[in-house]
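K.L.:
Counting from 1, position 141 in the sequence shown corresponds to residue 140 in numbering that gives the first Met the number 0; the numbering is continuous, with no gaps. Yeah, the Cβ is synthetic: ideal placement off N, Cα and C, and Gly gets one too. Quick caveat, the model's predicted, so the values are computed rather than measured. Mind having a look at this structure? Questions to follow.
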Amino acid sequence: MYYNKKTTVFHDGQWMKAEDANANLFDQTLHYGTGVLDGLRAYKNTGGFNIFQAQTHFKRLQESARKMKLKFEYSVDELVNLAYELVERNQLENAYIRPLIYSGSNMRLEPTTETHFFMGAWKWAKFHGTEPLNVMVSSYVKPNPKALPIDAKVVGNYASSVMASSEAKQLGYDEALLLDHKGNVAEGPGSNFFYEKNEVLYTPKTGTILPGITRATIFQIAKETGTRVVETDISPADLETADYAFFCGTASEISPIVSVNGESLKGKSWEESASYNIHFIYQQKVLFSEYDGLTIV
0 MYYNKKTTVF
10 HDGQWMKAED
20 ANANLFDQTL
30 HYGTGVLDGL
40 RAYKNTGGFN
50 IFQAQTHFKR
60 LQESARKMKL
70 KFEYSVDELV
80 NLAYELVERN
90 QLENAYIRPL
100 IYSGSNMRLE
110 PTTETHFFMG
120 AWKWAKFHGT
130 EPLNVMVSSY
140 VKPNPKALPI
150 DAKVVGNYAS
160 SVMASSEAKQ
170 LGYDEALLLD
180 HKGNVAEGPG
190 SNFFYEKNEV
200 LYTPKTGTIL
210 PGITRATIFQ
220 IAKETGTRVV
230 ETDISPADLE
240 TADYAFFCGT
250 ASEISPIVSV
260 NGESLKGKSW
270 EESASYNIHF
280 IYQQKVLFSE
290 YDGLTIV
């Protein structure tokens with residue numbers, strides 16, 4: 000699914016075939032989850048392709064590495080250039096890009112002096128598919144922000160996401176919605192969450208969520224369209240009166256939600272919502288580069 004015999008990846012400063020890239024079974028990240036990752040999307044357009052918000056994603060990757068005390072010396076410009084070259088080498092246009100910084104061999108519970116860098120790309124459809132989602136409030140919760148940097152994309156943070164998503168699908172739902180350690184709505188397993196009521200968007204405030212790049216883009220579009228967005232604590236009970244809701248993230252893009260815990264949301268047609276209008280504009284915005292409005296090819 001992620002690679003074949005022709006796939007090229009970037010690993011520790013070298014271009015190589017994906018099947019030749021490997022890691023040490025004693026690497027700390029494999030045992031303790033101390034690595035950091037990010038995810039970017041490339042979109043085909045009339046001038047070639049664009050990697051949406053590439054600089055912002057790689058700045059976040061750098062900051063995630065800093066917070067986890069992982070040595071990482073690539074500059075943002077170097078990373079952006081590598082990402083574009085990676086997509087080109089694999090003859091892709093619409094692609095998902097996964098950079099990963101992982102710790103070297105060390106079984107001690109302390110930061111490692113050795114780190115590794117990997118980046119691969121593959122064709123990956125919208126993470127949640129194209130149909131509206133039936134979600135459930137999970138019995139699993141997001142990690143406490145006093146346990147790990149919650150605003151960094153730490154490998155170990157996603158263990159609860161895997162458990163929550165698996166639980167939801169086993170119970171017949173499409174996806175999970177996780178609460179934070181205080182019992183407030185936090186986010187999906189890999190996506191931020193918004194709901195709409197009376198044409199106002201509500202989303203969990205920062206502090207117990209990953210403040211996503213797609214989330215920030217929605218704030219920008221909402222400002223452009225005059226749509227009010229409120230950051231606040233959201234209880235599961237608040238969702239009982241929601242008109243519409245959606246997940247958002249690089250992998251999921253914008254995915255509408257039609258029900259929570261088996262109860263349908265109050266809105267009539269997704270296409271008539273303020274959320275859909277933002278979704279439509281987002282689909283256009285991702286096609287264009289952050290570099291002077293021109294697409295890099």
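1) Any contact of the region 237–249 with the region 260–274, i.e. 3+ C-beta pairs under 8 Å?
2) Pick helix, strand or coil for Thr300, following the three-state DSSP scheme.
3) Along the chain, where does the alpha helix (DSSP H) that runs through Glu18 open and close?
4) Taking only runs that begin and end inside the region 52–115, name each unbroken beta strand (DSSP E) of 3 or more residues, in chain order.
5) Label Val8 either buried or exposed according to how many other C-beta atoms from any shown protein chain fall within 10 Å of its C-beta, with 16 as the threshold for buried.
6) Within the continuous beta strand (DSSP E) that includes Ser299, where are the two ends?
7) Going by C-alpha to C-alpha distance, which of Ala120, Val153, Ser164 sits closest to Ala82?
8) Ordered along the chain, which non-local residues of its own chain (more than five positions away) have a Cβ less than 8 Å from that of Gln52?
9) Just list the residues that DSSP pairs Asn191 with in beta bridges.
10) Given a cut-off of 8 Å, decide if Asn23 and Ser102 are closer than it, judged by their beta-carbon atoms.
11) How would you call Lys16, buried or exposed, if buried means at least 16 neighbouring beta carbons within 10 angstroms?
12) Output the boundary residues of the beta strand (DSSP E) element that contains His10.
13) On the CB-based measure, 16 or more other CB atoms within 10 Å of its CB, does His278 come out buried or exposed?
14) Could you please give me the residues that DSSP links to Leu29 through a beta bridge?
15) Indicate the three-state DSSP secondary structure (helix, strand or coil) for Tyr1 in the structure shown.
16) Rounded to whole angstroms, what's the CA-CA distance from Val153 to Ser138? Just pull it up for me.
17) Enumerate in chain order the residues of its own chain whose CB-to-CB distance from Gly292 is below 8 Å, with the five nearest sequence positions on each side excluded.
18) With a Cβ-Cβ cutoff of 8 Å, do Val134 and Ala167 count as a contact?
19) Report the three-state DSSP secondary structure of Ile220 (helix, strand or coil).
20) Would Gln27 be called buried (16 or more neighbouring beta carbons within 10 Å of its own) or exposed?
21) Checking the sheet assignment: what are the DSSP bridge partners for Glu252?
22) Quick test of the definition: if touching needs 3 or more C-beta pairs under 8 Å, does the region 108–123 touch the region 42–51?
23) Here's the rule I'm using: 16 or more other beta-carbon atoms within 10 Å means buried, otherwise exposed. How should Asp173 be labelled?
24) In whole angstroms, give me the CA-to-CA distance for Glu18 and Asn89.
P.N.:
Let me spell this out:
1) yes
2) As displayed, the chain neither begins before 0 nor continues past 296, which places residue 300 out of reach and without an answer.
3) Unbroken run through Glu18: none, as it is neither H nor E.
4) 94–102
5) buried
6) The displayed coordinates of the chain run from 0 to 296. Any statement about residue 299 would go beyond what the structure contains.
7) Ala120
8) Leu39, Ile212, Thr216, Glu289
9) Cys247
10) no
11) exposed
12) 7–10
13) buried
14) Partner(s): none; Leu29 has no beta bridge.
15) coil
16) 21 Å
17) Only weak support exists for where Gly292 lies, its pLDDT of 43 falling under 50; the value from the coordinates is given anyway. Nothing meets the Cβ criterion.
18) yes
19) helix
20) buried
21) Gly248
22) no
23) buried
24) 14 Å
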